[in-house]
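Trainee: Take a look at the following structure, please.
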Amino acid sequence: MRALPLAAFAVAATFTAGLTAIPAVAAPAGPCDTPADRQIAEVQGAGAETPLAGQTVRVEGVVTGDFQRGDQLSGFFLQDPTPDGDPATSDGLFAYARDSFKDVKAGDRVLVTGRAVEYQGWTELSPVTAVDVCGSGSVAPQRHRLPADGLEPVENTLLTFPQPLTVSEHYNLGRFGEVTLSSGGRLFQPTDRPGVDPALNERRSLLVDDGSSRQNPDTLPPLVRAGDTITGLTGVLGYGFGEYRLQPTGPVAYRPANPRPARPFPVRGNVKVASFNTLNWFTTLGSRGATDAAEQQRQLAKLVAALKGLDADAVGLMEVENNGQTALRALVDALNAEVGAGTYAALTHPYPGTDAIQVGLIYKPGKLTPVGKTASSEDAVFSRPPLIQTFRRTGGGQPFTMIVNHLKSKGSCPTGGPDADQGDGQGCWNPTRVRQSQALLGLAAGLPGPIVLGDLNAYGEEDPIDTLEAGGLTSVTKKFVPASRRYSYVFEGLAGELDHMLVGKQLLKRVTSAAIWHVNADEPRILDYNTEFNPPGLYRPDAFRSSDHDPIVIGLTLPGGRG
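In our numbering, the protein residues as written are 49 to 611.
What follows is the structure in C-alpha cells.
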C-alpha cells in the first residue's frame, strides 16, 4: 500500500475539526422509570386504617404471594424489601389485581399503581391500574410468635411461625379450607375449667386459610384432627370476614400428634355405663337427621360402629327422634345385627315430652336387670324429660340408677329477661338449666346409686354443674380423666365438656375408672354421613365423626351378681 502524502493528512485533519458533535438520542422512558411516590409503610400507616384512603399511589415491592385467579383472592401480596424500621407500620400490601396482571409471580420486583382503600378492615390497593415488573428480588419471612398482642403491624407481610402450633378448630376445613391453630396447645372454653383467659385465647389463635374463595373445593387442604401440630408454618397474612388469615405460600405439613383411638381407653370394673349424643338419629327422612335413605344408612352404620366400640352394658342416648320406639328400635336392631341377636334391649320412655327429640336408654339384658319401672318427670321445667331406670347386675347385687338427660341448649336465645345471654360465657337459658339441675337433684334424692348423665349443655365450671356438685354429686370425668383429655365437644375452636356423668357419694366408691372416647369432637365434619358436600371417597362406616359429641364411658365395680 502506498503512503498518503502529508497534504492529505492536513486536509483530513481540517475536515474533522470542522464537524459539529451530534447529541446522543435518549431512549424512550419505560414504565419502570416512573418511580414510587409512596412507601408501602406510608400506605399502611400506624393505625388500623390507611391514612391515604381514596388516594392513588404508586408503591414498589417484591411479590410474596400470588393469588390472582378468580377462584382465589383475585390479587397478590407485595412487600417492601427496604422497610421503614417502624414496628407500628406494616411493610406489606395487598393488590386487588385479578387476572389482568397474570404475569406477576412470587419473587418479582414490581411497581404498582392503584387506589389506597380500607376494604372491610383490610388495607389494599383497589382498583389497581398498573403493575410493572421491573426485575426480581426477595423478602425473607419475618419470624413471628403467638400469643400476639396484635396483628395489624404485620398485616399483608410474609411471616413464619417457628413454634409448634396446635389444631384447635377445623369446622370449616371442607367448606372453606379453614383451620384455626393455637400456641401452647389447644384452646379450652373459659367456663369449662379454672385459669382460662378468653383474651389470651384470642391472642394465641391464628386462622389458616387456603387462599381460595371457592366453597366446598374439589382439592382439600390436609385432613387433620384437632390436637395435631405444625411447626415452621409460613405464609402471608391477609384479612377477611372480620379476622386475620394466614395464606400459606408453601406446603402445609401437619404432625399427627393426636392419633385416632380405635377403642375407648379401657375402663376397669364389672359394669360399664356410657353416655352418647347421637346427633339427631331420625328415622323420619328430611327432618333433623338424614335427608334421604342413603344418608340414613350411612348415619346408622357410624352410630352402630360407635356403640359397638363402646361395648357398654348400658348407654344413655340423646337426640333420638321422638317418634315412640321407632327410631330407638331401628338403632338397637342394627346394633344387634352386628353384635348378636338380643345383646341389647331398649327401654320405653314413659313420658318423652313434646320436643322433636327424646333421650333413650339401651342395655344388655345378659349383664343387667332392670329394677322397678322406668320413670321420668312431668315437671314443666324439662323440655326433654329425663329417663330414670335402676339396674342390678344379673343375679343381684348393689343397684345403681341411671338418670338420662338432655338439658336446655344454648341456642334460640330470647332477646331479654334472665334467660337471655348475660355475657358471662354461659350462653342463654342458663337459669333454666340451673332449675333443671335443681329438679334433677330432687329426682336423685332417695334413688339407689344415682348417676346423672347426658348432654347437660353446660361446661364444667358453669352454674348448672356447680348446682349438681353442691347438691352432693361428683363429676366422674373431673376425678378420673386428665384435664388435657377432658372434653367432649368443640365450639368455635374451644374444647370443653358438655357431656357429663355425676354420681352420688355412695356409688362414687364403686367408680373405678372413666374415659371420654375422642372419636367425634376432634374429627373434621367433612367425614360425617352427609352427602351434600362431602366427597364420596372420604366416607367410612366407622365410629369417627358419628356425631359431634364424644361418648363417655365409666367403669363400676359392684358387689354381688354374676357375669
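Where a beta carbon is used, it is the ideal one built from N, C-alpha and C, also for glycine.
1) If the criterion is Cβ atoms closer than 9 Å, does the pair Leu207 and Leu294 meet it?
2) Distance check for Thr177 and Pro238, CA to CA, integer angstroms please.
3) Excluding sequence positions up to five away, which residues of its chain have a Cβ less than 7 Å from the Cβ of Gly609?
4) Note down the Cα distance separating Asp151 from Gln87, rounded to an integer number of angstroms.
5) Mapping the DSSP letters down to three states, classify Asn453 as helix, strand or coil.
6) Looking at C-alpha atoms only, which residue of Val187, Ser148, Ala354 is the closest neighbour of Pro589?
7) Taking Cβ positions, are Gly603 and Gly317 nearer each other than 9 Å?
8) Just checking my contact of Gly162 with Thr112 at CB under 8 Å: how many whole Å lie between their CB atoms?
9) Do you know offhand how far Ala94's Cα is from Glu200's?
10) Got a sec? Which residues, its chain only, sit under 7 Å from Glu166 by beta carbon, not counting five neighbours each side?
11) Give me, in chain order, the residues of the same chain whose beta-carbon lies closer than 7 Å to that of Pro599; leave out the 5 immediate sequence neighbours on both sides.
12) Distance check for Pro530 and Asp258, CA to CA, integer angstroms please.
13) Among the residues of its own chain, which have a CB less than 6 Å from the CB of Gly408, if the five just before and after it don't count?
14) Just how far apart, CA to CA, sit Arg193 and Leu285?
15) Taking Cβ positions, are Thr332 and Asp276 nearer each other than 9 Å?
16) Near Pro269, which residues of its chain fall below 6 Å by C-beta distance, leaving aside the five closest residues on each side in sequence?
17) Taking the alpha-carbon of Arg262 as reference, which of Phe581, Ala591, Ser595, Ser594 has the nearest alpha-carbon?
18) Assign Phe63 to buried or exposed, taking buried as 16 or more other Cβ atoms, counted over all protein chains shown, within 10 Å of its Cβ.
19) With Asp88 as the anchor, note down where its alpha helix (DSSP H) starts and where it stops.
20) On the three-state DSSP scale, how would you describe Glu367?
21) What residue from Gln437, Glu510, Arg146 has the CA that sits closest to Leu173's CA?
22) Rounded to the nearest angstrom, what separates Lys415 and Ile405 at their Cα positions?
23) Buried or exposed: Thr171, going by 16 or more other Cβ atoms within 10 Å of its Cβ?
24) Ordered along the chain, which non-local residues of its own chain (more than five positions away) have a Cβ less than 8 Å from that of Gln190?
25) Taking the alpha carbon of Asp180 as the point to measure from, which residue in Val160, Met549, Asp197, Ser186 has its own alpha carbon closest?
26) Where does Ser460 land, buried or exposed, given buried means 16+ other C-beta within 10 angstroms?
27) Would you mind working out which of Arg336, Val107, Arg432, Val187 sits nearest Gln154, comparing C-alpha positions?
28) Quick one: grab the DSSP three-state call for Glu172.
29) Find the nearest neighbour of Thr228 within the set Pro242, Arg241, Arg252, judged by alpha-carbon distance.
30) Between the C-alpha atoms of Ser335 and Gln344, what's the straight-line distance to the nearest angstrom?
31) Given a cut-off of 9 Å on the beta-carbon distance, is the pair Pro314 and Ser536 in contact?
32) Based on Cα-Cα distance, which residue from Gln168, Pro296, Val387, Tyr411 lies nearest to Ala394?
33) Can you grab the Cα-Cα spacing for the pair Ala349 / Phe330, in whole Å?
34) Which residue's Cα is closest to the Cα of Ala247: Gln211, Pro195, Ser122?
35) Round the Cβ separation of Thr525 and Arg534 to the nearest angstrom and send it over; I've been treating them as touching at under 8 Å.
36) My guess is that Glu540 and Arg273 are in contact by the Cβ rule of under 8 Å, so how many angstroms apart are they, rounded?
Mentor: The answer reads as follows:
1) Start at 1 with the first residue of the sequence shown, and residue 207 comes out as number 159. Start at 1 with the first residue of the sequence shown, and residue 294 comes out as number 246. Pairing Leu207 with Leu294 gives a Cβ-Cβ distance under 9 Å.
2) Looking up residue 238 in the sequence shown gives position 190. Looking up residue 177 in the sequence shown gives position 129. Pro238 and Thr177 have their alpha carbons spaced roughly 48 Å apart.
3) Position 561 of the sequence shown holds residue 609. So the list reads Arg440, Arg441, Thr442, Gly443, Gly444, Gly445, once near-sequence residues are dropped.
4) Your numbering for residue 151 matches position 103 in the sequence shown. Your numbering for residue 87 matches position 39 in the sequence shown. When rounded, the separation of the alpha-carbon atoms in Asp151 and Gln87 is 23 Å.
5) Sequence index remark: in the sequence shown, residue 453 carries index 405 (1-based). Of the three classes helix, strand and coil, the one that applies to Asn453 here is strand, per DSSP.
6) Looking up residue 589 in the sequence shown gives position 541. For Pro589, the closest C-alpha among the options Val187, Ser148, Ala354 is that of Ala354.
7) For the purposes of this step, residue 603 is identified with residue 555 of the sequence shown, where counting begins at 1. For the purposes of this step, residue 317 is identified with residue 269 of the sequence shown, where counting begins at 1. For Gly603 and Gly317, yes; Cβs fall inside 9 Å.
8) Within the sequence shown, residue 162 is the residue found at index 114, counting from 1. Within the sequence shown, residue 112 is the residue found at index 64, counting from 1. The Cβ separation is near 17 Å, so there is no contact.
9) Start at 1 with the first residue of the sequence shown, and residue 94 comes out as number 46. Start at 1 with the first residue of the sequence shown, and residue 200 comes out as number 152. So the two alpha carbons sit approximately 9 Å from each other.
10) Locating residue 166 in the sequence shown gives position 118, counting from the first residue. Closer than 7 Å at the Cβ level, and outside the excluded window around Glu166, lie Glu97, Thr98, Ala101.
11) Residue 599 sits at position 551 when you count from the first residue of the sequence shown. The beta carbon of Pro599 sits closer than 7 Å to the beta carbons of Ala322, Ser323, Phe324, Ala354, Leu358, Trp565 from its chain, once the five residues preceding and following it are set aside; these are given in chain order.
12) Locating residue 258 in the sequence shown gives position 210, counting from the first residue. Locating residue 530 in the sequence shown gives position 482, counting from the first residue. Taking the straight line from one Cα to the other gives about 34 Å.
13) For this step, residue 408 is matched to residue 360 along the sequence shown. Within the same chain, Gly408 has close Cβ partners Leu365, Val368, Leu376.
14) Locating residue 193 in the sequence shown gives position 145, counting from the first residue. Locating residue 285 in the sequence shown gives position 237, counting from the first residue. Rounded to the nearest angstrom, the two C-alpha atoms are 13 Å apart.
15) One-based indexing of the sequence shown puts residue 332 at position 284. One-based indexing of the sequence shown puts residue 276 at position 228. No, these two residues do not count as a Cβ contact at 9 Å.
16) Translated into the one-based positions of the sequence shown, residue 269 becomes position 221. Excluding positions up to five away in sequence, the list reads Gly225, Asp258.
17) Looking up residue 262 in the sequence shown gives position 214. Of Phe581, Ala591, Ser595, Ser594, the residue nearest in Cα terms is Phe581.
18) Stepping through the sequence shown from its first residue, residue 63 is reached at position 15. Residue confidence for Phe63 is low, a pLDDT of 37 falling below 50, so the modelled location carries little weight and cannot support an answer.
19) Here residue 88 is taken as the residue at index 40 of the sequence shown, counted from 1. The question names Asp, but residue 88 in the sequence shown is Ile. Run containing Ile88: 88-92, per the alpha helix (DSSP H) assignment.
20) For the purposes of this step, residue 367 is identified with residue 319 of the sequence shown, where counting begins at 1. It is a strand residue.
21) Residue mapping note: residue 173 aligns to position 125 of the sequence shown, counting from 1. The option with the nearest alpha carbon to Leu173 is Arg146.
22) Start at 1 with the first residue of the sequence shown, and residue 415 comes out as number 367. Start at 1 with the first residue of the sequence shown, and residue 405 comes out as number 357. Rounded to the nearest angstrom, the gap between the Cα atoms of Lys415 and Ile405 is 28 Å.
23) Here the question's residue 171 lines up with position 123 in the sequence shown. Per the 10 Å Cβ criterion, buried.
24) For the purposes of this step, residue 190 is taken as residue 142 along the sequence shown, with counting starting at 1. Excluding residues within five positions, the ones whose Cβ falls inside 8 Å are Val202, Thr205, Leu206, Leu207, Thr208.
25) In the sequence shown, the residue the question calls residue 180 occupies position 132. Of the candidates Val160, Met549, Asp197, Ser186, the one whose C-alpha sits nearest the C-alpha of Asp180 is Val160.
26) Translated into the one-based positions of the sequence shown, residue 460 becomes position 412. By the neighbour-count rule (16 or more Cβ atoms within 10 Å), Ser460 is not buried but exposed.
27) For this step, residue 154 is matched to residue 106 along the sequence shown. Sequence inspection shows Ala at residue 154; the Gln mentioned does not correspond to that position. Nearest in C-alpha terms to Ala154, of all of Arg336, Val107, Arg432, Val187, is Val187.
28) Reading the sequence shown from its first residue, position 124 is the one you call residue 172. Looking at Glu172 - three-state DSSP - the assignment turns out to be strand.
29) Position 180 of the sequence shown holds residue 228. Nearest to Thr228 by C-alpha distance, out of Pro242, Arg241, Arg252, is Arg252.
30) Numbered from 1 along the sequence shown, position 287 holds the residue referred to as residue 335. Numbered from 1 along the sequence shown, position 296 holds the residue referred to as residue 344. Each residue's Cα considered, the two are about 11 Å apart.
31) Locating residue 314 in the sequence shown gives position 266, counting from the first residue. Locating residue 536 in the sequence shown gives position 488, counting from the first residue. Not closer than 9 Å, so no.
32) Residue numbering aside, residue 394 sits at position 346 when the sequence shown is read from its first letter. The option with the nearest alpha carbon to Ala394 is Tyr411.
33) Looking up residue 349 in the sequence shown gives position 301. Looking up residue 330 in the sequence shown gives position 282. Roughly 13 Å separates the two Cα atoms.
34) Residue numbering aside, residue 247 sits at position 199 when the sequence shown is read from its first letter. Of the candidates Gln211, Pro195, Ser122, the one whose C-alpha sits nearest the C-alpha of Ala247 is Pro195.
35) Position 477 of the sequence shown, counting from 1, holds the residue named residue 525. Position 486 of the sequence shown, counting from 1, holds the residue named residue 534. Confirmed, about 6 Å.
36) Your numbering for residue 540 matches position 492 in the sequence shown. Your numbering for residue 273 matches position 225 in the sequence shown. Arg273 and Glu540 do not touch by the CB rule: their CB atoms are close to 17 Å apart, not below 8 Å.
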